[in-house]
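A.B. asks:
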Amino acid sequence: VSFPTTFTRPILNSEKANYKGGQGQGNNKSRTNSPNTHSKKPVIKQEVSEEDITKQVKETLSRLTTKGKTKTSKYRKEKRETAFNRQQELESQEMEESKVLKLTEFVTANELASMMDVSVNQVIATCMSIGLMVSINQRLDAETINLVAEEFGFKTEYISAEVSQAIIEENDDVNDLRPRAPIVTIMGHVDHGKTSLLDYIRKANVIAGEAGGITQHIGAYNVKLEDGRRITFLDTPGHEAFTAMRARGAKVTDIAIIIVAADDNVMPQTKEAINHAMAAGVPIIFAINKIDKPNANPEKIKEELANMNFLVEEWGGKYQSQDISAKQGVGVKELLEKILLEAEMLDLKANPDRNATGSIIESSLDKGRGYVATILVSNGTLKMGDIVLAGINYGRIKAMFNERNQRIKKASPSEPVLILGLNGAPTAGDTFHVIETEQEAREITNKREQLQREQGLRTQKILTLDELGRRIALGNFK
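For the sequence shown, our numbering gives the first residue as 508, with consecutive numbering after it.
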C-alpha cells in the first residue's frame, strides 16, 4: 500500500517569531495549569451586624413615618404611646401587688393555699419537703409561711392583729365636730395633795387620804364649773405600784397637772410623772400645793423645776404654774382658769353623732353587779344597749352610772361612765369600740383570744433533754 507523500509548507520568519513567543508564554510559571482554565479571585462575604440591621430598620421606619405626617397625627401617636405606657405601668403594678400576701402571723395551710390560688396539697407537700408535717387546718408560723410563699414566688407582708379585726374607723366630717371638755390628769408624788385638790374641786366629802397608803377612789370625774363649762379629771395614785397606770393616764389625757408640795422637794415620782407627760406630748401645768404650811417655799420648787429645764411663766418660761392650797381652796379657781385657757389653745373637738370610742380607765368584778368597767368616751356618744368591745371582752350595756353613782342613759365625749354588762374585766388602757352586732363582737373576740393564746404558746420555751442534762450538771434544775 502506497501512502501519498506529505508535503510540508516552509515556515516563514514572522511565523517563527510568533511561535517562539507562544512557546515562551506556555512556559510561564503562572500558567502551569491547563491553558483553558482562568484564575479566579476569592470573594470575601461581608457579615451584617445587628447594629447595621437596627440602623437600617430605623432609617426605613423614619422614612415611612415622616411621609405626610401632620401635627394631629403626631399628637395622636404621642397620646397612644402615653396611654400604652400608663397601661403597662398599671399592669406591672398589679402584678407586683398580686404577688404580695398580706396576712397576720397565724394563717392555716388551707387559707394560705387560697391566698396563693394553689392546691392545699401543694402547700402540704412543700411543708413536707422542708421537714414539717402539717394538716389542712393547722396554723403555720411566720417562718414557715415565708418559706412556702417564697417557693411559690410570693412575698409576705405582715399586718398587725388590730388591723385585721374588721373594726372600721369612721372619718368625721369637720362640720359635725363640736367642742368637748378637756381631760385633765392630776399627777405627782404621794401625799402631795392630788386627791385633796380633786376633792375640793368636786366639793364632795369622799376623801380617803394618802397617808402612806393608796387612794381607794381611783377613777375619772366630770366636774361642772359655775359658768357651765366642764372639765374631766383623771385621778391617778402616786404609789410606785401604779407606774403603768400613770403612764396610761398620760396617754388618754389632754392636759397634765403636776402637783408638787411647797414644803417638800421635787421627788423621783414627780420627775417620773413629768417624763410620762412629756413622752405623751401633753401640755403641763404645775400646781404648787400646801402654800398654807408655815415652812412652805414655792420659790424653791420653781428653782428645782428650772434646774430640770422647766421654766415657769413667772420666770420667763413657757410652762404655766399656780400656787394653791387644796385644803383651803386658795388659788384653785385660778388653776381651773389656766386649765380652760390651755384647753382653748388646744381647740378640742369631737363628733357626738357617731358610735362611741374611748379608753378603759379601770375594771373589776363586783360581787353584786358582776363585771364593771369605768370608761372614758373620747369620741361619739355611748348609749344604753350598745354592744361594747374592749380587748378580748365584749357585752351589751345593761346599766350606766356617773361618778356620783346616778343612773344615766347616755355619755357624751370626754365623759367618764361606769358600765355593766361585759363578759369579763378588760385591761386598763384598752381601747373600746361600739360594734353593730353581738355576732361580730364574738367573732372578733374569738380571733383575739386565739391569737393571744397562740402567741403565748410560742413564747414558752420547750425544755429539751440536752438543756435538762445541762441544768442537772450545773445543779440549778428546779
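Glycine included, C-beta positions come from ideal geometry on N, C-alpha and C.
Residues in the same chain with beta-carbon distance under 6 Å from residue 770, minus the five sequence neighbours each way, listed in chain order, please.
C.D. replies: 797, 800, 802 and 803
A.B. asks: Determine the extent of the beta strand (DSSP E) in which residue 925 is found, giving its start and end residues.
C.D. replies: Its beta strand (DSSP E) spans residues 923-927.
A.B. asks: Output the boundary residues of the beta strand (DSSP E) element that contains residue 763.
C.D. replies: 762-768
A.B. asks: Out of 923, 847, 886 and 932, which has the shortest C-alpha to C-alpha gap to residue 683?
C.D. replies: Minimum Cα distance to residue 683 is reached at 886.
A.B. asks: Short of 8 Å in beta carbon distance, which residues of its chain neighbour residue 829, apart from the five on each side in sequence? Order them along the chain.
C.D. replies: 792, 793, 794, 795, 838, 841, 842 and 845
A.B. asks: Just to confirm my understanding: we take residue 927, look at its own chain, exclude 5 residues before and 5 after, and list those with CB closer than 6 Å. What are they?
C.D. replies: Closer than 6 Å at Cβ, skipping near neighbours: 876, 879, 905 and 906.
A.B. asks: Per DSSP, residue 567 forms a beta bridge with which residues?
C.D. replies: BP columns for residue 567 are empty, so no partner.
A.B. asks: Hey, quick one: how far does the beta strand (DSSP E) through residue 886 stretch, first residue to last?
C.D. replies: Run containing residue 886: 877-886, per the beta strand (DSSP E) assignment.
A.B. asks: Pull up the CB-CB distance for residue 882 and residue 866, whole angstroms please, since I reckon it's below 8 Å.
C.D. replies: 7 Å
A.B. asks: Check whether the stretch 852-860 touches the stretch 892-911, counting contact only when three or more Cβ pairs, one atom from each stretch, lie closer than 8 Å.
C.D. replies: no
A.B. asks: Which full runs of the alpha helix (DSSP H) of 4+ residues lie inside the stretch 796-873, going along the chain?
C.D. replies: Fully contained in the stretch 796-873 are the following alpha helix (DSSP H) runs of length 4 or more, in chain order: 805-814 and 839-853.
A.B. asks: What would DSSP say about residue 973, mapped onto helix, strand or coil?
C.D. replies: Here residue 973 carries a helix assignment [DSSP, helix/strand/coil].
A.B. asks: Using the Cβ count rule (16 or more neighbours within 10 Å means buried), how would you classify residue 939?
C.D. replies: Residue 939 should be labelled buried.
A.B. asks: Between residue 497 and residue 705, is the Cβ-Cβ spacing less than 9 Å?
C.D. replies: Outside the shown range of the chain, which is 508 to 985, sits residue 497, and nothing can be said about it.
A.B. asks: I'd like to know whether the C-beta atoms of residue 863 and residue 890 end up nearer to each other than 9 Å.
C.D. replies: Going by C-beta atoms, residue 863 is nearer than 9 Å to residue 890.
A.B. asks: Please identify the residue among 951, 652, 659 and 852 whose C-alpha is closest to the C-alpha of residue 463.
C.D. replies: The question about residue 463 has no answer, for the chain in this structure spans 508 to 985.
A.B. asks: Measuring alpha carbon to alpha carbon, tell me which residue in 695, 868 and 663 is nearest residue 933.
C.D. replies: 868
A.B. asks: Under three-state DSSP, which class holds residue 986?
C.D. replies: Examination of residue 986 is not possible in this model, given that the chain is present from 508 through 985 alone.
A.B. asks: So what's residue 958 in DSSP terms, helix, strand or just coil?
C.D. replies: helix
A.B. asks: So what's residue 624 in DSSP terms, helix, strand or just coil?
C.D. replies: coil
A.B. asks: From what residue to what residue does the beta strand (DSSP E) around residue 694 run?
C.D. replies: 690-695
A.B. asks: Excluding five sequence neighbours on each side, which residues of the same chain lie with their C-beta closer than 7 Å to the C-beta of residue 701?
C.D. replies: 693, 695, 742, 745 and 766
A.B. asks: With DSSP run on the structure shown, which of helix, strand or coil describes residue 783?
C.D. replies: helix
A.B. asks: Is residue 923 closer than 9 Å to residue 729 when the C-beta atoms are compared?
C.D. replies: yes
A.B. asks: Looking only at DSSP bridge pairs, what is residue 730 linked to?
C.D. replies: DSSP links residue 730 through a beta bridge to 738.
A.B. asks: Given a cut-off of 9 Å, decide if residue 654 and residue 616 are closer than it, judged by their beta-carbon atoms.
C.D. replies: no
A.B. asks: Who pairs with residue 891 in a beta bridge, going by DSSP?
C.D. replies: Answer by DSSP bridge pairing: none, since residue 891 is not bridged.
A.B. asks: Within a Cβ cutoff of 8 Å, which residues of the same chain sit near residue 531, ignoring the five residues on either side of it in sequence?
C.D. replies: With a pLDDT of only 46 at residue 531, under the threshold of 50, the placement of this residue in the model should not be trusted, and no figure is reported.
A.B. asks: Considering only DSSP beta bridges, list what residue 901 is partnered with.
C.D. replies: According to DSSP, which records beta bridges pairwise, residue 901 is partnered with 896.
A.B. asks: Put residue 980 into one of helix, strand or coil per three-state DSSP.
C.D. replies: helix
A.B. asks: When burial is assigned at 16 or more other CB atoms within 10 Å of the CB, is residue 848 buried or exposed?
C.D. replies: Taking all protein chains shown into account, residue 848 has fewer than 16 neighbouring C-beta atoms within 10 Å of its C-beta and is therefore exposed.
A.B. asks: For residue 633 versus residue 658, is the C-beta distance shorter than 9 Å?
C.D. replies: Yes, the Cβ-Cβ distance between residue 633 and residue 658 is below 9 Å.
A.B. asks: Can you tell me the Cα-Cα spacing of residue 681 and residue 854, whole angstroms?
C.D. replies: If I take the Cα positions, the gap works out to 13 Å.
A.B. asks: Find out if the Cβ-Cβ distance for the pair residue 822, residue 807 is shorter than 9 Å.
C.D. replies: no
A.B. asks: Which residues does DSSP pair with residue 686 in a beta bridge?
C.D. replies: 856
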